[in-house]
Amino acid sequence: MQNQVAVIGAGPGGYVAAIRLAQLGQEVTLIERNFLGGVCLNWGCIPSKAMIHAATLYQQIQHADRMGIMIDNVRLEMPQLISWKNSVIEKLREGINHLLKNNGINLIQAEATFIDNYTLELTSEDNEKKLLKPQKILIAAGSRPLSLSNLKPDGKNILSSRHVLELTEIPESVALIGGGVIGIELGQMLAAFGAKVTIIEMSNDILPGIDPELTRTLKKNLRHLGVQILTEFQVVKAENNIQADGIQLTIQKINTDDVQIIEASKALIAIGRRPNTRQLGLSNTDIVMDEKGFIKVNTRCQTNLEHIYAIGDITGGPFLAHRATQQGLTAARIISGYVDDFENQQLPSVIYTTPEIATVGLTENNAKKLGYNVRLGKFPLAALGKAQAVGHTEGFVKLIVDDVSDIILGAHVIGQGAGELIGELTLAMELGATATDVALTIHAHPTFSESLMEAAEAVHQKAIHIYQPQKPSVPDPMLKVTI
Ligand code: FAD
Numbered sequence: 319m320q321n322q323v324a325v326i327g328a329g330p331g332g333y334v335a336a337i338r339l340a341q342l343g344q345e346v347t348l349i350e351r352n353f354l355g356g357v358c359l360n361w362g363c364i365p366s367k368a369m370i371h372a373a374t375l376y377q378q379i380q381h382a383d384r385m386g387i388m389i390d391n392v393r394l395e396m397p398q399l400i401s402w403k404n405s406v407i408e409k410l411r412e413g414i415n416h417l418l419k420n421n422g423i424n425l426i427q428a429e430a431t432f433i434d435n436y437t438l439e440l441t442s443e444d445n446e447k448k449l450l451k452p453q454k455i456l457i458a459a460g461s462r463p464l465s466l467s468n469l470k471p472d473g474k475n476i477l478s479s480r481h482v483l484e485l486t487e488i489p490e491s492v493a494l495i496g497g498g499v500i501g502i503e504l505g506q507m508l509a510a511f512g513a514k515v516t517i518i519e520m521s522n523d524i525l526p527g528i529d530p531e532l533t534r535t536l537k538k539n540l541r542h543l544g545v546q547i548l549t550e551f552q553v554v555k556a557e558n559n560i561q562a563d564g565i566q567l568t569i570q571k572i573n574t575d576d577v578q579i580i581e582a583s584k585a586l587i588a589i590g591r592r593p594n595t596r597q598l599g600l601s602n603t604d605i606v607m608d609e610k611g612f613i614k615v616n617t618r619c620q621t622n623l624e625h626i627y628a629i630g631d632i633t634g635g636p637f638l639a640h641r642a643t644q645q646g647l648t649a650a651r652i653i654s655g656y657v658d659d660f661e662n663q664q665l666p667s668v669i670y671t672t673p674e675i676a677t678v679g680l681t682e683n684n685a686k687k688l689g690y691n692v693r694l695g696k697f698p699l700a701a702l703g704k705a706q707a708v709g710h711t712e713g714f715v716k717l718i719v720d721d722v723s724d725i726i727l728g729a730h731v732i733g734q735g736a737g738e739l740i741g742e743l744t745l746a747m748e749l750g751a752t753a754t755d756v757a758l759t760i761h762a763h764p765t766f767s768e769s770l771m772e773a774a775e776a777v778h779q780k781a782i783h784i785y786q787p788q789k790p791s792v793p794d795p796m797l798k799v800t801i
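Just so we're aligned, residue 319 is where the sequence shown starts under the numbering used here, counting upward by one.
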């Protein structure tokens, strides 16, 4: 059976869904008003990681003398960094274009607007309009940054994440409003490039939802870079500081009279995302949205209208490219007549800071709230040969394990390569593995992955490279055979 499917948006949700739909024999039209790859490729994951990588390298080069590598006159040429970053984007965009062509997908460069539950109006850049009435529609239109009414990003003194990724000069100082993932990643990057960064966060800590033990370790590093962190503060007034060609913010500690003035060359607004629904014409349809305007879907990625599906950021958080992609693959299978379901539980999340943070599954607090009796397995990277050898000893692995079944409920890693390490633990959890399974898996030496095995051993007080005074908590599951 072949459906005519229209996919709106070619981000990591939409273009991946389009390819899988074509692989499964559907006739696919992909509609994109801007660039292939969406936010992720053009103004998100890839450009930010390219620039964060450069910032990390810049820091490492400056501190290479402790390994006897002496480098004089290290300097940063921002225009060259931006053009290198753009070349990476260009290459990947071309790759997507080839894949779409090879898979026989009909790509239309236009903006799609619903004019009723079944019809899309496509408006091209030169304002040509045409109508499309596909059998099924998959909305993957993504999200954009939220702004504050008194602080609208203008690319001059008030920046959004997008502007930061185009900076040709590092500002002297930055007032960063919002201590979530995007803000912290970009804030640390700017600090590593030499900006004086002040973080203003409304909640009582940065990176809400992350295990506080991990956040504590990261905060040490941020302070080391001279980053000031002000929590439970909100911006009450923002003015241009004309004399200093910068910005002046008045901030107030929540529920107090504590008012402070922050002066900075630029303000960076990173307070969250809102759905790209404005031009979609959803008011011409019966599609149901939540109170923030995100499209409501069931676990089959289906809206309340049977023939319309939605995936990725436009369905709300967590705002992660790999979530959009997985939802896209699920929706493609369901549209093609297979039974499938999108399960959020084993969704890893990586924060590209120094040290890197990666998590999957439950935090210790959440596991306890859900009524689990938990065992913890912790292993510090400082006790690892590889970490010492490469000079990245900061951080640890923390496993949350169910006391009864020994099944891993959550894994939290902070340190070098955490984002790569979390893959093994995600697979372990996906397969319902126990801590003992991970402990019994041979890990190559010397590698950072040994820290996962040691943390799994530590769950039962059997880690080798840290001293655990208590006796092992359970008999060794490998049966002792008496001959
Ligand atoms: P998008 O990528 O937003 O794509 C939607 C596409 O739809 C866009 O191309 C848009 O032009 C198009 N569109 C919208 N409306 C219409 C219309 N009416 N007609 C036609 N086309 C339309 N996530 C991670 O997992 N890892 C990271 O490291 C990471 N880093 C990030 C860093 C930054 C600075 C930012 C801003 C985001 C980051 N994200 C990261 C989040 C990630 O980019 C998003 O979760 C992801 O892009 C969402 O994919 P999507 O397909 O839902 O939407």
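All C-beta atoms, glycine included, are put in the ideal place defined by N, C-alpha and C. Computed from a prediction, not measured in an experiment: that's the story for all the values here.
Does the region 685–699 come into contact with the region 727–738, if we say contact requires no fewer than three beta-carbon pairs (one atom in each stretch) closer than 8 Å?
With the cut-off at 8 Å, the region 685–699 and the region 727–738 touch.
Nearest by alpha-carbon distance to VAL545: which of GLU581, MET520, SER491, GLN597 is it?
SER491
Enumerate in chain order the residues of its own chain whose CB-to-CB distance from GLY332 is below 6 Å, with the five nearest sequence positions on each side excluded.
VAL325, ALA458
Could you pull out every residue in the same chain whose Cβ sits closer than 7 Å to the Cβ of LEU354, ignoring the five residues on either side in sequence?
Hits under 7 Å: ALA328, TYR333, ARG411, ILE414, ASN415.
Verify whether the separation of the beta carbon atoms of GLY713 and ILE732 is less than 7 Å.
yes
Could you tell me the boundaries of the beta strand (DSSP E) in which GLN570 lies?
Counting along the chain, the beta strand (DSSP E) containing GLN570 begins and ends at 564–571.
Are at least three pairs of beta-carbons, each pair with one atom in the region 567–584 and one in the region 548–555, less than 8 Å apart?
yes
Where VAL719 and ALA746 are concerned, what is the direct C-alpha to C-alpha distance, given to the nearest angstrom?
12 Å
SER465 to ARG591, Cα distance in whole Å?
9 Å
Nearest CA to the CA of LEU665: which residue from LEU647, PRO636, GLY655, ILE653?
PRO636
Touch check for the region 491–510 and the region 574–592: three-plus C-beta pairs under 8 Å?
Contact holds: three or more Cβ-Cβ distances are below 8 Å.
Specify whether the region 643–652 and the region 610–623 touch according to this definition: at least 3 beta carbon pairs, one from each stretch, less than 8 Å apart.
Contact between the region 643–652 and the region 610–623 is present, because at least three Cβ pairs lie under 8 Å.
Less than 7 Å between C-beta atoms, sequence neighbours within five positions excluded: which residues of the same chain meet that for GLN779?
Only GLN786, GLN788, LYS789, PRO790, SER791 meet the Cβ criterion.
How long is the line joining the alpha carbons of THR437 and PRO471, rounded to whole angstroms?
34 Å
Closer than 6 Å to a non-hydrogen atom of the ligand FAD - does that hold for the CB of LEU598?
yes
May I have the straight-line CA-CA distance separating ASP277 from VAL392, to the nearest angstrom?
There is no way to answer for residue 277, as the model of the chain reaches only from 319 to 801.
Those residues which DSSP pairs with GLN620 across a bridge
TYR627
Who are the near neighbours of PHE432 in its chain, counting only those whose CB is closer than 7 Å to its CB and skipping five residues on each side?
Within the same chain, PHE432 has close Cβ partners LEU438, LEU598, GLY599, LEU600, ASN602, THR603.
Among the candidates LEU680, THR595, ASP576, whose CA atom is the shortest distance from the CA of THR744?
Per the C-alpha coordinates, the member of LEU680, THR595, ASP576 positioned closest to THR744 is LEU680.
Taking 6 Å as the cut-off, does the CB of PRO452 come closer than this to any heavy atom belonging to the ligand FAD?
no
Which residue's Cα is closest to the Cα of GLY735: ALA776, ILE675, LEU525, ILE613?
ILE675
Using only the alpha-carbon positions, how far apart do MET396 and GLU487 sit?
Whole-angstrom Cα-Cα distance: 6 Å.
Grouping DSSP H, G and I as helix and E and B as strand, with all else coil, what is LYS555?
strand
Might you give, ordered along the chain, the residues of its own chain that have their beta carbon closer than 6 Å to the beta carbon of LYS704, omitting 5 neighbours on each side?
PRO764, THR765, PHE766
PRO673: beta carbon under 6 Å from a heavy atom of the ligand FAD?
no
At a cut-off of 6 Å, is LEU331 close to the ligand FAD when judged by its beta-carbon and the heavy atoms of the ligand?
First, the amino acid is wrong: residue 331 is Gly here, not Leu. Yes, the beta carbon of GLY331 sits closer than 6 Å to at least one heavy atom of the ligand FAD.
If we call anything under 7 Å between Cβ atoms a contact, is ALA700 one with HIS783?
no
Neighbourhood of LEU532 by C-beta distance below 7 Å, restricted to the same chain and skipping five residues each side:
ILE675, HIS730, ILE732
For a test of the three-state rule: what should DSSP assign to ASP720, helix, strand or coil?
strand
According to DSSP, is THR549 helix, strand or coil?
strand
Out of ILE528, GLY630, ARG596, state which residue places its alpha-carbon closest to the alpha-carbon of GLU682.
ILE528
Within this structure, are the beta carbons of VAL346 and ILE455 separated by less than 7 Å?
no
Would you mind reading off the limits of the beta strand (DSSP E) that contains GLN685?
The displayed chain sequence assigns Ala, not Gln, to residue 685. First-last for ALA685: 682–687, but that is the alpha helix (DSSP H), not the beta strand (DSSP E).
Exposed or buried, VAL323, counting other C-beta atoms within 10 Å across all chains shown (16 or more means buried)?
buried
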